[in-house]
Amino acid sequence: MEEEEEGDRVVTPPEDKYLMNAKNRLGENRCQSYYWNPVPGFDKASTYRDLKKQLLDDIEHYVPSYFESKEDMNLANENSKLRKRVESRWNQPSFCGDSDGEADNGDFTRKLVQVLADYRLRQISSRPDVGDTGASSSLQDSAFTEICRQLRKLVEGENSSTSFACGGTIPIGNDAEHPNNSAPVNLFWKTTEDAQAQKLVLPLTDTQESNSGLLQRLVDECSPATFGRGDQDVLDPSYRMAGKLDTDNFASSFHPADFGILENVEQILLPSISTDLENNLQFRKITAHLYKLNVYSGPSGIFRKHVDTPRSQNQIGSLVVCLPCEFKGGRLLVRHDGQEVDFNWASTSTLTIQWAAFYSDCEHEIETVTEGHRITLTYNLHVAETVGLSLLPNPAIDPKSLPLYGYVKNIFESPAALKEGGVLGFFCSYAYPHTAKYAEQSLPRSLKGSDLVLYSVFKSLGIDAKVVPVLELGGAYAPNNPRLGISGKKREHHYVEIWMNNYDARKNLEEFRKLGYMKPYRWGQGQPERTGLELEYRDVGTVISDWDDIDRHWKSILLGRQVKGLAEEEEEAPDDTKEYDQYDEKTTGSRVGTRLHPYLTTDIGGGEDMSEEEILGTWPFYHLPGIIWLTEPKKEEMALTHLTYGNEASLASRYSCAAILAVIPPWNERKSQGGDTESVLEQTSPREAQAGLGRMGKRHALHFLERTPRAELVAASSPDDEELKWAKVHLEPFGVKLYKNYDDMLKHEGLEAVVVASATAVHAEQAIKAIEAEKHVLCEKPLSTNVEISQTVVDAAVKKPHLKVMCGFSRRFDASYRDAYQKMQSGIIGRPSVIRSQTCDKLDPTGFFVAYAQFSGGIFVDCSIHDIDLALWFFGDDAKVKSVSAVGITAVEPDLRKHNDRDNAVGLVEFHGGRIAYFYASRMMAAGQEDSTEIIGTKGKLSVNTQPATNLVNIYEPTGIRREIPQHYYDRFEWAFVTEANEFTAACLDNKEVPLKIEGAVKAVRIGCALQESLITGKKIFFDEAGNRVEKSNL
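Here it is as structure tokens:
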């Protein structure tokens, strides 16, 4: 096929003429998008020589022996295999766009297809190595599955906390170039009717109406701020130190409606408290009612943990606007259902208005303002029954203020999560007119609730995300995924013709095999053998051509290529047509629209349904296997209606669901990602080590290895050979280096944090060594069985304030206990006065608890330490003990007396101020673990787990109805331990305070040791309000 010279004239071969004509046709009929940029050399000057060579080489490489003769390679021959194949590819529908929006869509689609194509190729080509148990892959899959389940729970669970708070910023400096900025804020106030109104302009500019003297006057004229407790207003400066002005005494030029704040709050918070009908018809709107002006001044302005008291029946939350005035400290922490959002406004307080909105049932606190004045306007948010139109989201919202932001960021900071990249899919939770003509303009702008949260979070993290339509096939939108509990279906459809066609194809396939045309092939049986029949295949969905990268081009084709009539080789067909009603076409991928197609009608179609080729020509889509769907399809819209022909003509419809797809780049790309948006990987995972691999040590190690996305377990130590033997199987294969000596482990290169879960006797020693080696520390309870030794850990931590040091009291991380605490803080039970709490282990007849008593510190220090910590939490960490007393027996283990211990004990702790805690500890429960708590207040009572149950299953038997209960402590508090690991890691990475202070661990040990002493001596022990022991109580 070389060029021939005819005199001085170069004669173009027929093959080149064909390619030139084809290119000209493409130029006339197709848009010049990314996918149609020619390869280098594809122009008039090169005469297409490079293209022909590359084309033939690639065909020979990817489809060996495709050409049986030289004539099959002749492009000039209309009947040659090469000519037919090239024309069939060029005549297929392909993505193109002629607007800026379409260009963006093309870039997103290229990334989407590239990631899924790479995944598909790995899936097809991967084979297990000889002798490989698959443990590593299984562990990684299990860990990522757990991550997906947690993310799904946050997004669509009944107790979803994805959208309990939101916030944003509004810069000062209103001008033509920045229309969304705010002008300086004017404050007017007077404290009496006769006084002259004062004016202050913020931010301060050292002018007559904007200076530090006027600011100080405002602060001085504020009255002390109270807070609600039940139906009372309480003034307690130790709990809240702030000034206030009521709305009768001040006015402001700022209003949240001027900056789209209320519309943003509606889109995020309102859907979570409205019905689907109300959301769709937009009957409900949010109004903001100005409530107070508050000033928190350094060095002591503070508002401790509390839950707001709703001021009316239709109040759903609060809006706090922080005005531009410099201060330090004063973080606003908002918590709900185990999640926390940190509004840290100090660094940008001088020239920025900042705001936060949250539900009324959220616990929140304002940390101490150390310098300056933190001036806020507080609004009560009410639901109003008003019909209105959707407004577009405003740039005032900050995705980092959304609770889901931190969780998603945590996931992708770990190389264990989608290391090779992947695509996450979320079907939208709310209904949108995504098949309307204006859908391309309204989405994603009109997203709301958890949909808006998801989209905003992904975009702010620099992750490509897009709202797309997904077309159903036989009622299914996505493949079934039992591991994540995803069916992929919205409703059942009955497309008999589709079933019949695929059923017939499968039956024919089996007949072909019986006749010897095809031989079954499985891995490990050598190369597949060709027989007399060549399989035909079809391309499902729009073909995405990418001639700039031929390798990527073939990978893209692989996504949509299927053997005709065979969706999945391993799927069994029914034995006869009687089983049609039980048979369902297995969905191997999702059919994602090339754009948000408007609803259409067509006269194309025949039989009961349109063929996929007919749909593709009308409603272009990409066939995309490999998307990880985390939610079920919910809100359908009619995508197209077509004619059907049976006994008479009729109409049939196909449906689509709107979904958000997020393209997660591979780890190496995430690691190097930059740009204006925050990178997913601004900080790497802390390198953590596990000290001790006993009963709890093993569990901690697996939590940090498998279930803490932001952590990287790099080392573990144990002096015990059996424990190290376990670690060689469960830790070492995943890159964890094992040490027999703890001190050697501390020298592990790059180590940043240590989890101490060794024998209780060495907790303090190992924690102190880690602190002195500049490592963060999470230590199992107790720090020590000795008060003085426990205090040495605190002393070491105080010297290193930049390190995070925490003692793990797991019940503070349990969802039920956290919920009870929030309800108590809201005032619904009045003043908590009595706590009754128990820790009761299942009977162990092996004598374990007798041996364990040698170093456990006794039943109160080992078991009741959790209940003691709960009492300090619910009564307040500053609660002061007045007296302790205890009694106990050895009902089943008399040998415990050798170690001054008992198997059943009751302790009573009296606190100054009129509060009592009652503790029961036991080692002889017959049914299983029984840990429960009651918090009794002046107006009601809260109880946690007073009827223990493993789950919600009731067993009905001839003897009655029963439930199974957790058998061991870990069975009950597994998720609390996982949460503890994740929150400790987050504190290390984000430089946040640890969830509980190390000083409280010493106080718990002090009370536990006093109870143990009273148990043995039979004496009641008294303390004064300073914490010193006294001989008797001062009556």
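When the sequence shown is numbered by full-length UniProt numbering, its final residue is 1035 and no position is left out of the sequence of numbers. Cβ atoms here follow ideal geometry from the backbone N, Cα and C, with glycine treated the same way.
ask   = What residue does the beta strand (DSSP E) around MET925 start on, and which one ends it?
value = Within the sequence shown, the letter at position 925 stands for residue 925. 915-925 is the span of the beta strand (DSSP E), which, as asked, contains MET925.
message = Looking at the secondary structure, which residues open and close the beta strand (DSSP E) in which ASN739 lies?
response = Within the sequence shown, numbered from 1, the residue matching residue 739 stands at position 739. Note on residue identity: the sequence assigns Tyr, not Asn, to residue 739. Its beta strand (DSSP E) spans residues 737-739.
ask   = Using the rule of at least 16 other Cβ atoms within 10 Å of the residue's Cβ for burial, across every protein chain shown, is MET610 buried or exposed?
value = Locating residue 610 in the sequence shown gives position 610, where the first residue counts as 1. Counting other Cβ atoms within 10 Å of its Cβ, MET610 reaches 16 or more and is therefore classed as buried.
task = Under 8 Å Cβ to Cβ from GLN791, same chain only, skipping five residues before and after it: list those, please.
result = Here residue 791 refers to the residue found at position 791 when the sequence shown is read from its first residue. For GLN791, where only same-chain residues beyond five positions count, the Cβ hits under 8 Å are VAL1002.
request  = With DSSP as the reference, label ASP844 as helix, strand or coil.
outcome  = In the sequence shown, residue 844 corresponds to position 844, counting from 1. ASP844: coil per DSSP, three-state reduction.
Host beta strand (DSSP E) of GLY485 (start-end) = Taking the sequence shown and counting its residues from 1, the one referred to as residue 485 is at position 485. Annotation for GLY485: no beta strand (DSSP E) segment contains it, and DSSP assigns it neither H nor E.
Straight-line gap, GLN947 to ALA815 (C-alpha atoms, nearest Å) = On the sequence shown, residue 947 is found 947 positions in, with the first residue counted as 1. On the sequence shown, residue 815 is found 815 positions in, with the first residue counted as 1. Spanning the two alpha carbons is a distance of roughly 16 Å.
request  = Leaving aside the five residues before and after residue 1053 along the sequence, list all residues of the same chain whose C-beta is less than 8 Å from its C-beta, in chain order.
outcome  = The displayed coordinates of the chain run from 1 to 1035. Any statement about residue 1053 would go beyond what the structure contains.
inquiry  = Check this for me: beta carbons of ARG811 and PHE911, under 8 Å apart or not?
reply    = The count along the sequence shown starts at 1 and reaches residue 811 at position 811. The count along the sequence shown starts at 1 and reaches residue 911 at position 911. PHE911 sits away from ARG811, with the two beta carbons spaced by 8 Å or more.
message = Which of the three DSSP states is assigned to ALA1026 in this structure?
response = For the purposes of this step, residue 1026 is taken as the residue at position 1026 of the sequence shown. DSSP places ALA1026 in the coil class of the three-state scheme, outside both helix and strand.
inquiry  = Going by DSSP, what residue range makes up the beta strand (DSSP E) through ARG591?
reply    = Along the sequence shown, one-based indexing puts residue 591 at 591. Secondary structure note for ARG591: its beta strand (DSSP E) is the uninterrupted segment 590-593.
task = For ILE411, count neighbouring Cβ atoms within 10 angstroms of its own Cβ and tell me buried if that reaches 16, exposed if not.
result = For the purposes of this step, residue 411 is taken as residue 411 along the sequence shown, with counting starting at 1. With 16 or more Cβ atoms within 10 Å of its Cβ, ILE411 is classed as buried.
request  = Report buried or exposed for ILE771, applying the criterion of at least 16 other Cβ atoms within 10 angstroms of its Cβ.
outcome  = Indexing the sequence shown from 1 puts residue 771 at position 771. Counting Cβ neighbours within 10 Å, ILE771 comes out buried, since at least 16 surround it.
ask   = Would you call ARG591 buried or exposed, if buried means 16 or more other Cβ atoms sit within 10 Å of its Cβ?
value = In the sequence shown, counting from the first residue as 1, residue 591 sits at position 591. ARG591 is buried by the Cβ-count criterion.
task = Could you have a look at LYS799 and say whether DSSP puts it in helix, strand or coil?
result = The count along the sequence shown starts at 1 and reaches residue 799 at position 799. Assignment of LYS799 by DSSP, reduced to helix, strand and coil, places it in the coil class.
key: Cα-Cα separation, ASP862 to GLN1012   = By 1-based counting over the sequence shown, the position of residue 862 is 862. By 1-based counting over the sequence shown, the position of residue 1012 is 1012. Spanning the alpha carbons of ASP862 and GLN1012 requires a straight line of approximately 10 Å.
ask   = Among PHE188, THR226 and GLY228, which one has its Cα closest to the Cα of LEU218?
value = Looking up residue 218 in the sequence shown gives position 218. Checking every option, the nearest Cα to that of LEU218 belongs to PHE188.
Top-ranked residue by Cα proximity to ILE268, from TYR239, SER450 and SER349 = If you number the sequence shown from 1, residue 268 lands on position 268. Check the Cα spacing between ILE268 and each of TYR239, SER450 and SER349: the tightest is with SER450.
request  = Consult DSSP for ARG962 and reduce its assignment to one of helix, strand or coil.
outcome  = Residue mapping note: residue 962 aligns to position 962 of the sequence shown, counting from 1. Reduced to three states, the DSSP call for ARG962 is strand.
inquiry  = So for ASP276, helix, strand or coil by DSSP?
reply    = For this step, residue 276 is matched to residue 276 along the sequence shown. Because ASP276 sits at a pLDDT of 46, beneath the cut-off of 50, its placement in the model cannot be relied upon, and the following sentence gives the value as read from the coordinates. In the displayed model, ASP276 falls within a helix according to three-state DSSP.
query = For GLN825, which beta-bridge partners are listed by DSSP?
reply = Locating residue 825 in the sequence shown gives position 825, where the first residue counts as 1. Partner(s): none; GLN825 has no beta bridge.
query = How is GLY1000 classed by DSSP in three states: helix, strand or coil?
reply = As a position in the sequence shown, residue 1000 is number 1000, starting the count at 1. Helix, per DSSP.
ask   = With contact counted as at least three CB pairs below 8 Å, one residue from each stretch, are the stretch 944-960 and the stretch 845-858 in contact?
value = Touching, no.
task = Please report the residue range of the beta strand (DSSP E) in which THR205 lies.
result = In the sequence shown, counting from the first residue as 1, residue 205 sits at position 205. First-last for THR205: undefined, no H or E at that position.
request  = Would you give the residue range spanned by the alpha helix (DSSP H) that MET610 belongs to?
outcome  = For the purposes of this step, residue 610 is identified with residue 610 of the sequence shown, where counting begins at 1. No alpha helix (DSSP H) contains MET610, which DSSP labels as neither H nor E.
message = With a threshold of 8 Å on Cβ separation, who are the neighbours of TRP619 within its own chain once the five nearest residues in sequence on each side are excluded?
response = Residue 619 sits at position 619 when you count from the first residue of the sequence shown. Setting aside the 5 residues that flank it on each side, TRP619 is surrounded in the same chain by LEU471, GLY593, HIS597, LEU600, ALA639, LEU640 and ARG654, each with a C-beta closer than 8 Å to its C-beta; the list follows chain order.
query = Are the stretch 1013-1023 and the stretch 788-805 touching, with three or more C-beta to C-beta distances below 8 Å?
reply = No, because fewer than three Cβ pairs between the stretch 1013-1023 and the stretch 788-805 fall closer than 8 Å, the two stretches do not touch.
key: Counted within 10 angstroms of its Cβ, other Cβ atoms place SER212 as buried (16 or more) or exposed   = Residue 212 sits at position 212 when you count from the first residue of the sequence shown. Its Cβ having fewer than 16 others within 10 Å, SER212 is exposed.
key: DSSP beta-bridge partners of GLU365   = Along the sequence shown, read from residue 1 onward, the residue named residue 365 stands at position 365. The partner list for GLU365 (beta bridge, DSSP) reads LEU333.
task = Determine, using beta carbons only, whether LEU351 and PRO324 come nearer to each other than 8 Å.
result = Taking the sequence shown and counting its residues from 1, the one referred to as residue 351 is at position 351. Taking the sequence shown and counting its residues from 1, the one referred to as residue 324 is at position 324. The answer is yes: Cβ separation under 8 Å.
ask   = In three-state terms, what does DSSP make of SER429?
value = If you number the sequence shown from 1, residue 429 lands on position 429. SER429: coil per DSSP, three-state reduction.
inquiry  = Quick check on the DSSP output: the beta strand (DSSP E) that includes VAL321 runs from which residue to which?
reply    = Numbered from 1 along the sequence shown, position 321 holds the residue referred to as residue 321. Boundaries of the beta strand (DSSP E) around VAL321: 315-322.
ask   = DSSP beta-bridge partners for SER653?
value = By one-based count along the sequence shown, residue 653 stands at place 653. For SER653, which the question treats as bridged, DSSP gives the partners THR641.
message = On a Cα-Cα basis, can you pick out the residue from GLY1008, GLY808 and GLU765 that is closest to VAL906?
response = Counting from 1 along the sequence shown, the entry for residue 906 is found at position 906. Answer by Cα proximity: GLY1008.
message = Here's a check: name, in chain order, each residue in its chain whose Cβ is nearer than 6 Å to the Cβ of LEU746, leaving out the five neighbours to either side.
response = Stepping through the sequence shown from its first residue, residue 746 is reached at position 746. Counting only residues of its own chain and dropping the five nearest sequence neighbours on each side, LEU746 has a CB closer than 6 Å to the CB of ALA773.
ask   = By Cβ distance, which residues of its chain are closer than 8 Å to ALA436, with the 5 residues on each side in sequence left out?
value = Mapped onto the sequence shown, residue 436 falls at position 436. Counting only Cβ-Cβ distances below 8 Å, and skipping sequence neighbours, we find SER442, PRO598 and TYR599.
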